[in-house]
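Undergrad:
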Amino acid sequence: MSEITNNQFVRSTIELVKSIETRFLELGARLYRIREERLWEGSYDTFNDFLEEINLSKGNASILASVHENYVLSGHVEVENLAGIPYSRLYEAIPLIEKEGVTSAVVKATTLTRSEIKEEVQEKKLGTEHTHEIGEDRWGMCSCGKWIKIYEHSL
């Protein structure tokens, strides 16, 4: 048996992560179908009972199904194009789809951290095109005309 090099080990780990993220996307598609088509009926009293059986919280199931619904079904993005993007970042970027389009949301989910995505979503919701930084905090103009703290940097 030949020894694997450190570089090969690192590369195969990266591929494993991409594979896992792809599997999460597949799980989201399955959960969406099971929930929407009520495929759990006949085996479980409720969808939540099914989720308990597979040891998955209702919140996580909803997140995974929402990613599938918004990107694959509504946004017509191929699963292969989402592979390797953490589903948690895709989920955080869902509100950006309506404002900027699905392509922009995918790019941001690929390039930004979850915190940065949350900040962008907050800015879009508040209509804070006129943001500026004071120290480490981020301030924005609310639609009511007042300056409000929309991000506090804590060390």
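Numbering-wise, my numbering comes out as the position in the sequence shown, counting from 1, plus 699.
Ideal placement from N, C-alpha and C gives every residue a C-beta, glycine not left out.
CA-CA distance, K798 and T704?
TA: Rounded to whole angstroms, K798 to T704 spans 46 angstroms at the Cα level.
Undergrad: Short of 6 angstroms in beta carbon distance, which residues of its chain neighbour K717, apart from the five on each side in sequence? Order them along the chain.
TA: The residues are A782, G783.
Undergrad: Could you pull the start and end residues of the alpha helix (DSSP H) that P785 belongs to?
TA: Taken as a continuous stretch (DSSP letters only), P785 belongs to no alpha helix (DSSP H), as it is neither H nor E.
Undergrad: Please identify the residue among Q707, E720, E751, I796 whose C-alpha is closest to the C-alpha of N780.
TA: The residue with the shortest Cα to Cα distance from N780 is E720.
Undergrad: Does DSSP put E725 in a helix, in a strand, or in coil?
TA: In the structure shown, E725 sits in a helix (DSSP, three-state: H, G or I).
Undergrad: Once DSSP output is grouped into helix, strand and coil, what is the label at V716?
TA: Of the three classes helix, strand and coil, the one that applies to V716 here is helix, per DSSP.
Undergrad: Out of curiosity, what's the CA-to-CA distance linking S711 and R722?
TA: Distance between the alpha carbons of S711 and R722: 16 angstroms.
Undergrad: Could you give the first and the last residue of the continuous alpha helix (DSSP H) run that contains T802?
TA: Unbroken alpha helix (DSSP H) run through T802: 801-810.
Undergrad: Does the contact criterion of 3 or more C-beta pairs under 8 angstroms hold for the stretch 768-780 versus the stretch 724-739?
TA: As far as the Cβ criterion goes, the stretch 768-780 touches the stretch 724-739, which means the pair count is three or higher.
Undergrad: Pull up the distance between the alpha-carbon of L789 and that of L730, whole angstroms please.
TA: Spanning the two alpha carbons is a distance of roughly 17 angstroms.
Undergrad: Hey, how far is the Cα of E855 from the Cα of I793?
TA: Outside the displayed span of the chain (700 to 854) sits residue 855, for which this structure offers no information.
Undergrad: So the alpha helix (DSSP H) N759 belongs to, where does it begin and stop?
TA: N759 -> alpha helix (DSSP H) spans 757-766.
Undergrad: Which residues share a DSSP beta bridge with Y743?
TA: Bridge partners of Y743: E740.
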